[in-house]
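What follows is one structure encoded as structure tokens, with my remarks underneath.
Residue numbers (the working numbering), protein chains in the order written: chain A, 23 to 266; chain B, 23 to 266; chain C, 23 to 266; chain D, 23 to 266; chain E, 23 to 266; chain F, 23 to 266.
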């Protein structure tokens, strides 16, 4: 299932049968006192592994560097530019296409990568239109999140190291969470943050956007599994179309 | 030791004491019937882990995509451009510098990445001269290789899936080698291959450049450890200068 | 108030007193049967004029070409790349800074420009940190929209030629709306549209996303004025900080 | 006639019949005490409107930012790079082609844009050879200028805010000219200005290159109409060829 | 005098005393039946040598590839892009500055290079403002040309392989001219050639723009020497300012 | 034989018969006290002339600027970027292809150009696959060098202004060598120089890497002729394939 553990003699035929490649992409970024810097990598990798399994697709090695503009001044954050990401992802997509893949699903664990992933997907739609490209950031999770969450969201789009993301980790990588250190920190993010470049140190010292102490494995499981089902359905449908 | 498993609260102080970050970089590339596509990633990662340990440095997550022009038409190979790699590595280097690192060592498992790594190192020497940048591709291994090898090299610069590289894997990741499938395939690579773009399918069908059946864990250990000692000395000296 | 109608002899002193420049940016794009192709330009321009007036700022000439990837195959749409927009906006921002401006507010009438505007604002935050840069796309309008709308939104982020946008036009440029031609067309936009490049012809033939017949000038006025108040407050605060 | 006031339902058929799109492009730039900063925008826009009318073509919205290197330090000037302009104009040209246009005429009001317009036209000649591209900067006006001018030219190529350009404005936009403030300022521009980067503050304080007091509406009309006739003939011929 | 024939031990001191470097730049381009493809290179090189001698400056090796868009389809023409030229010239200029030069004069033998040279000079004016940069294309020759020419010019800006350019060659490199093959070919170049991309095969089969049979060494000498005097004066003045 | 001395009328037919173009490319770079700055240009040019003669190919004018990162701080060195070189070489290659050439051999006199030449050759292999591209840096010389050299090499890859390169000059351009000034300077270049950006002033003051006093014309002849034979054979074979 892990592409890089196959050998070149066996892989040719298997690509032809699997047709789909799943790329986890995350970031190295401050996630408060209770979560590791690599949280987004771990989430993307484990989510992608599940997706690969459910859709009989290949799991590619994780791309562990992401665009972390907002948190780049927090200790431990490493940030790369949209430009570098877009070029790299287009190269990977074109290589996959040349190898015979027809579905390329990027499983993204870090919101900040969204712009680069969308741009890369659009460029690939021009250069290799035969390749169906997905960029997933927990699609189809909205209703479940609304149902299970106990603390209100602190922002319309951001969630970070909070009840929600910590729950994901508890479900997918509980061994990396230190709930004893989990905190509740509810920042006041004004309208202005959406209208002007706003590094997060402007409104938080902890990088925790909400109440991480409310996180549970069960909440994580509910949301992650709901999203997985949505992703799996899309990938499976695309595989069918590619074979049809 | 693994940077991405630290959290943002602890990491600040530790960066200040460790000073050095080690980045493994490899590729996904055909390596014959007995080695996995991710051989260069596995080698870079394990070598880098040893280097981090010996020098009390941070190990960064592996960058698993490389420039695979020569083998890009072999089953399973994925190739990215020099341009994308250079941009990404410069971004990572500048981020490390902003975080307080003063030594950045790239441990490269794939010869084809050499051009991009050298270019990135030179650009970083301009943009963040305070950061000492290394690009390692088994430095200081020449004499030991000459001593232990039983089959002659097939080319002045290339070694691939052969006695030497297979020995590295037997030492660092024996569980991923299937010696029962190892073969001997000695291609005739003419002068022209160094003077004009020459995809490797021109001279090999197997992607094995030599006699992989002669590989042993002992040979791998001898070479890898010799190189590790050389790398560790450079990194340690650079750390001292950075603290001095 | 209109910057381009000033002359070079008078303008120097006035820039020093006004400090802020407002740039309308829109697009030429299909907007159904009842709205003109230039709807986003007209909205941006008139909104920006009001903002300039309320904040005693200069109104710059409208940049009338935008990124219209999603609708580029609809009759009349003209699309430019994010890359071109970002370069142009950075050049304009740096010129404004050299001229003595300290606040640069882009009033955007077209959602598709959002990525480029955000990227330009971030680059300007590096190159001319003294210049406060805003990218406004109807900020602070969410609650009012929720209150006045009679038809449900067809998507979490998109609104287009619908009850809402048509209401904006009725308030700001009623003479350009032909309500006799307004239609109701409620497309079914699946989750997949957010996860893969999806030109809008996939789900709509009209480019109207909802019920344009429900539009009224009053709804438009309520939303636009709410948003104007939010923008004006941000710009005024920034002007004060720049003078302080 | 104004493209952006059409709607998407009607425009498709009309593009097929008109075939030609006229783009005014100018700049925001110091033009002495008697002319507005937007002089080049106003001239381009009104000239383009006349050209569109005479050739039954579509008038596109004005691109109001240009390359103003030479005057960028004068109060009120805004300058964008050749690179940004070229990218934007190529994008617009390719979009026009996709929409069915076969003639794209850029009516330029600002000499400094010439390099970018010529480069864009050449790139479009490669990428969309079916599209005939013109870049007009008062073509065919030389003889008439020589005939009507009373003051000698101060430079072989430049004219600016002088007898000639002020006359254009008196004819095309008299309401924006304040002849009471018109001055005569005859700079001494040496050979060196053509051989080395020479910002205009080197040789003028007013940005008026000659005797603006001699400007008349009649001179402007004579020159502008002569040039219009030349442009109209080219566009009409190109339209015929495109339909033939 | 020829920079590349100096050695590294002597050159340091001499750069400090000479201060100025002269770069010939030409092109490989069709020049009719009587002139060689390298005419522009030969002219630039010999003119530059004279200029270096008169101003006690260093002569750099000739850059023999230029932008030949208009004639690129004629036999023997080789064309490079503006982009490549600009990058290369900026690199050379910055290197010269680092070496201690303070005046950099490009002696251009090919009109088509003008755009790139001007752009490079402007970029260098930003990056190394201490370096005075000239781009010379026969400056100060206008009056002499008007005086000596017997055939009228066929275009306001172009001259090529004609009475004028052939005269330059007769004066500077007579041994490379075959006057027996010289022809008279007067093309009709309409206004349109200045307004739309127009490869020269549109209006000439010979690439001779005028009457080459009227060329004489004396005409060439008169024009070239007039221009040389103008160039020498500018360079000498710049050298004085740099030393002052 | 020299391309630029042909005229456009004769050259068309001759290109069709010769098929191959040889481009010398060198650099301006410090070469110790006994060799000129233009050593690499002179070597490339004379070597290329011999190759053109032996293979009945066209000799192109020399590109005399190269990538001189390592020595750029030595007196007299001029350096251009890989990026500029790659663009220029790709443009030249594509122009040659358009002119009917089918073999393009770059004869390189400067090791530092190797990266750019290899990259350019690969890009041309994509854009004009019909054109066979060579990048030669003394191919096939290894055995002869090993046989004739009296002093040991100071580095695995670099040779510079030493016994070997001085011998090349004595054979190809003896009039430019001042053997009275030749010196022996054996630097200690550690492993680190291959692993981190290392300007040569770190390990040498003279830029002579070895014992130049041992150079002889005979050694130069032996090596150069051996390499010429290898190059000629490759070019001739490629010409045959192109005609076949």
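Where a beta carbon is used, it is the ideal one built from N, C-alpha and C, also for glycine.
{"query": "Partners in chain C for residue 165 of chain A, counting only beta-carbon separations shorter than 7 Å", "result": "Within 7 Å Cβ-Cβ: nothing; residue 165 of chain A doesn't reach chain C, min ~11 Å."}
{"query": "Local Cβ density within 10 Å of residue 179 of chain D, reported as buried at 16 or more and exposed below that", "result": "exposed"}
{"query": "Three-state secondary structure assigned by DSSP to residue 50 of chain E", "result": "strand"}
{"query": "Rounded C-alpha distance that separates residue 119 of chain E from residue 142 of chain A", "result": "40 Å"}
{"query": "Contact residues within the stretch 92-122 of chain C, judged by C-beta distance below 8 Å to chain A", "result": "104"}
{"query": "Host beta strand (DSSP E) of residue 128 of chain B (start-end)", "result": "125-130"}
{"query": "Cutoff 8 Å; reference residue 250 of chain E; Cβ partners in own chain excluding five residues on either side", "result": "69, 72, 73, 76"}
{"query": "Cut-off 8 Å between Cβ atoms - residues of its own chain near residue 238 of chain A, not counting five sequence neighbours on either side", "result": "189, 192"}
{"query": "Residues of the stretch 148-161 of chain A with Cβ closer than 8 Å to any Cβ of chain C, in chain order", "result": "154, 155, 156, 157, 158, 161"}
{"query": "Identity of the residues DSSP links to residue 261 of chain C by a beta bridge", "result": "Residue 261 of chain C is not bridged to any residue."}
{"query": "Residue 66 of chain D versus residue 81 of chain D: straight-line alpha-carbon distance, rounded", "result": "11 Å"}
{"query": "Interface positions of the stretch 192-225 of chain F facing chain B (Cβ-Cβ less than 8 Å), listed along the chain", "result": "213, 214, 216, 217, 218, 219"}
{"query": "Alpha-carbon spacing of residue 144 of chain C relative to residue 219 of chain A, whole angstroms", "result": "6 Å"}
{"query": "Contact belief for residue 186 of chain D with residue 167 of chain D at Cβ below 8 Å, rounded distance in angstroms", "result": "6 Å"}
{"query": "First through last residue of the beta strand (DSSP E) which encompasses residue 203 of chain D", "result": "Unbroken run through residue 203 of chain D: none, as it is neither H nor E."}
{"query": "The beta strand (DSSP E) enclosing residue 119 of chain B, as first and last residue numbers", "result": "Premise fails: residue 119 of chain B lies in the alpha helix (DSSP H), 104-120, not in any beta strand (DSSP E)."}
{"query": "Contact set between residue 90 of chain B and chain F, taken where Cβ atoms lie within less than 8 Å", "result": "In chain order: nothing, as chain F lies at least about 12 Å away."}
{"query": "Classification of residue 131 of chain B by the beta-carbon crowding that lies within 10 angstroms, buried from 16 upward", "result": "buried"}
{"query": "Assigned exposure category for residue 149 of chain C - 16 Cβ within 10 Å defines buried", "result": "exposed"}
{"query": "Assigned secondary structure, residue 159 of chain A (DSSP; H/G/I helix, E/B strand, else coil)", "result": "coil"}
{"query": "Residues near residue 244 of chain E in its chain [Cβ-Cβ closer than 7 Å; skip 5 each side]", "result": "166, 170"}
{"query": "Closer than 8 Å to chain A by CB, residue 87 of chain B", "result": "yes"}
{"query": "Option nearest residue 158 of chain E by Cα separation, candidates E/184, E/140, E/129, E/232", "result": "E/129"}
{"query": "Residues in the stretch 120-142 of chain F having any Cβ partner in chain B nearer than 9 Å", "result": "127, 137, 140, 141"}
{"query": "DSSP three-state assignment for residue 88 of chain F, whether helix, strand or coil", "result": "coil"}
{"query": "Residue 209 of chain E burial status per 10 Å Cβ neighbour count (16 or more: buried)", "result": "buried"}
{"query": "Cβ-Cβ distance between residue 108 of chain A and residue 49 of chain A below 8 Å", "result": "no"}
{"query": "Cβ separation of residue 100 of chain E and residue 172 of chain E, assumed to be a contact under 8 Å, to the nearest whole Å", "result": "That pair is no contact at about 32 Å."}
{"query": "Residue 229 of chain B vs residue 53 of chain B beta-carbon contact at 8 Å", "result": "yes"}
{"query": "Per-residue contacts from residue 28 of chain F into chain E (C-beta, under 7 Å)", "result": "58, 59, 98"}
{"query": "Contacts of residue 53 of chain E in chain G (Cβ-Cβ under 9 Å)", "result": "The chain labelled as chain G is not found among the protein chains of the depicted structure, namely A, B, C, D, E and F."}
{"query": "Residue 211 of chain E, DSSP secondary structure in three states", "result": "coil"}
{"query": "Bounding residues of the alpha helix (DSSP H) (the contiguous stretch that carries residue 226 of chain B)", "result": "Here residue 226 of chain B belongs to no alpha helix (DSSP H), and DSSP marks it neither H nor E."}
{"query": "Beta carbon proximity, residue 169 of chain A to chain C, threshold 8 Å", "result": "no"}
{"query": "Buried/exposed call for residue 224 of chain E, threshold 16 Cβ in 10 Å", "result": "exposed"}
{"query": "Unbroken alpha helix (DSSP H) run spanning residue 179 of chain D, endpoints", "result": "No alpha helix (DSSP H) holds residue 179 of chain D; DSSP gives it neither H nor E."}
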